[in-house]
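There are 2 protein chains.
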Amino acid sequence: MLQRIDHVGIACRSLEAAIEKYTSVFGLSVTSLEVNEEQGVKEAMLSLQPGQAEGPAGPFGSYVQLLEPLSEDTPVGKFLARRGEGIHHIGYAVANVTDALAAIEAAGLVRLIDARPRHGSLGASIAFLHPADLGGVLTELVQPSAGSPGLPGSPGGPVAGAASD
Amino acid sequence: MLQRIDHVGIACRSLEAAIEKYTSVFGLSVTSLEVNEEQGVKEAMLSLQPGQAEGPAGPFGSYVQLLEPLSEDTPVGKFLARRGEGIHHIGYAVANVTDALAAIEAAGLVRLIDARPRHGSLGASIAFLHPADLGGVLTELVQPSAGSPGLPGSPGGPVAGAASD
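For the protein sequence lines, the chains are F and W, in the order given. Under my numbering, the residues of the first sequence are numbered 1 to 165, in order. Under my numbering, the residues of the second sequence are numbered 1 to 165, in order.
As structure tokens, then:
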């Protein structure tokens, strides 16, 4: 069901400072900047693989997702108040998020936060699973957009469709 | 420098229970079980991509790494006491961990926990970077073993060399 790690979601107090750190230390590039009002975050997706000639990554890359809360009264804002900056969640790529939710619900071992998919970064369809049933790990399922950025030559091509869907 | 997310390291109280959860909920398979005395953990690497015909992952997969401390007086044991179960660290693949450490040290923005590479899971060479300089994120650099497991046809082939090095 889980194909690969799509992204690691990192809660930070200053998106600007976090972007500066990850780009200057690791040479990552910013693929997208978005405000997601529904999730209460201002966020950046930093791509790990484009241009990495030595990288064996597949047509869909993996990302560092930096998350700054829009206010204290948001999930990420509450996370920062409770735990401080750090890893907030992990996102796994799935082929079809609706099918994955149905299979997980049928198995009955993990509660769903989202019974149906909602919109995520880069036009993806996403759903969260409850951390209490997964050893404290907030877990996200990600079905990348058909126009999701990938390596040159992959479906969608670099950055094409990043703001669509 | 960072090619992809190699693994997410998850601290758990019972490795057996965590493996049961991840295999039954997500259908993951256990690639390796190891005891790492130096790091004070009993651990399992669960592979995300082999056999996933629909998966676009590259020749090297990504993993869920489940970590049970060997005692309370270990880094993961102290993490569990302080924060409870949850995500402990994130590991990124690099082409050469020695070169990556040299570049990061030269930039002078992030302190190294390991000045030189040490042995990690699946025969990899690894090094940790200090979370205090990376927004609370314990960050691991991973240079997979030349014999690291991969997709059929990739260097090393499936599971070949997993216990070597």
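Heads up, the beta-carbon is just placed ideally off N, CA and C, and yes, glycines get one too.
Residue i - partner residues in DSSP beta bridges
i                      : result
residue 128 of chain W : W/140
residue 65 of chain F  : F/9 and F/45
residue 4 of chain F   : F/93
residue 118 of chain W : W/126
residue 70 of chain F  : According to DSSP, which records beta bridges pairwise, residue 70 of chain F is partnered with nothing at all.
residue 112 of chain W : W/129
Burial state of residue i, where buried means 16 or more other Cβ atoms lie within 10 Å
i                      : result
residue 108 of chain F : exposed
residue 204 of chain W : This structure gives no information on residue 204 of chain W, because the portion of chain W shown stretches from 1 to 165.
residue 47 of chain W  : buried
residue 84 of chain F  : exposed
residue 25 of chain F  : buried
residue 35 of chain W  : exposed
residue 125 of chain W : buried
residue 68 of chain W  : buried
residue 43 of chain W  : buried
residue 100 of chain W : buried
residue 2 of chain W   : buried
residue 61 of chain W  : buried
residue 27 of chain F  : exposed
residue 33 of chain W  : exposed
Residues that residue i contacts on chain W, provided the C-beta gap is smaller than 9 Å
i                      : result
residue 44 of chain F  : What residue 44 of chain F touches in chain W: nothing, since even the nearest Cβ is about 13 Å away.
residue 172 of chain F : Any answer about residue 172 of chain F is impossible in this case: the structure gives chain F only from 1 up to 165.
residue 145 of chain F : By Cβ distance, chain W contributes nothing, its closest Cβ being about 14 Å from residue 145 of chain F, past 9 Å.
residue 125 of chain F : Per Cβ cutoff of 9 Å: no residues; residue 125 of chain F is ~16 Å from chain W at best.
Closer than 7 Å at the beta carbon, the chain W residues around residue i
i                      : result
residue 85 of chain F  : 135 and 136
residue 128 of chain F : What residue 128 of chain F touches in chain W: nothing, since even the nearest Cβ is about 14 Å away.
residue 76 of chain F  : Ordered by position in chain W, no residue passes the 7 Å Cβ test against residue 76 of chain F, which lies about 13 Å from the chain.
Start-to-end residues for the beta strand (DSSP E) that takes in residue i
i                     : result
residue 87 of chain W : 86-93
Enclosing alpha helix (DSSP H) for residue i [first to last residue]
i                      : result
residue 32 of chain W  : That residue, residue 32 of chain W, is in no alpha helix (DSSP H); its beta strand (DSSP E) goes 29-36.
residue 205 of chain F : Because chain F in this structure spans residues 1 to 165, residue 205 of chain F falls outside the shown range and cannot be described.
residue 20 of chain F  : 15-26
residue 81 of chain W  : 75-83
Closer than 9 Å at the beta carbon, the chain F residues around residue i
i                     : result
residue 21 of chain W : 109, 110, 133, 134 and 135
residue 33 of chain W : Within chain F, no residue comes near residue 33 of chain W; the closest Cβ sits about 17 Å away, beyond 9 Å.
Interface partners of residue i on chain W, CB under 8 Å
i                     : result
residue 18 of chain F : 135
residue 48 of chain F : 2, 3, 4, 5 and 92
Partner residues on chain F for residue i, Cβ-Cβ distance less than 7 Å
i                      : result
residue 62 of chain W  : 4 and 5
residue 113 of chain W : Here the premise fails: no neighbours, minimum Cβ distance about 15 Å.
Within chain F, partners of residue i - CB distance below 8 Å
i                     : result
residue 24 of chain W : 107 and 109
Neighbour flag for residue i against chain C, beta carbons, 8 Å
i                    : result
residue 8 of chain W : The structure shown contains no chain C; its protein chains are F and W.
Cβ contact (3+ pairs, closer than 8 Å) linking the segment 128-148 of chain W and the segment 38-47 of chain W: Under the three-pair Cβ rule at 8 Å, the segment 128-148 of chain W does not count as touching the segment 38-47 of chain W.
Validate contact between the segment 67-75 of chain W and the segment 116-124 of chain W using beta carbons, cut 8 Å, 3 pairs: In short, these stretches do not touch, since the Cβ pair count stays below three.
The segment 84-104 of chain W touching the segment 137-147 of chain W, judged by at least three CB pairs closer than 8 Å: Because the criterion of three Cβ pairs below 8 Å is met, the segment 84-104 of chain W and the segment 137-147 of chain W touch.
At least three beta-carbon pairs within less than 8 Å, the segment 94-106 of chain W to the segment 7-27 of chain W: Because the criterion of three Cβ pairs below 8 Å is not met, the segment 94-106 of chain W and the segment 7-27 of chain W do not touch.
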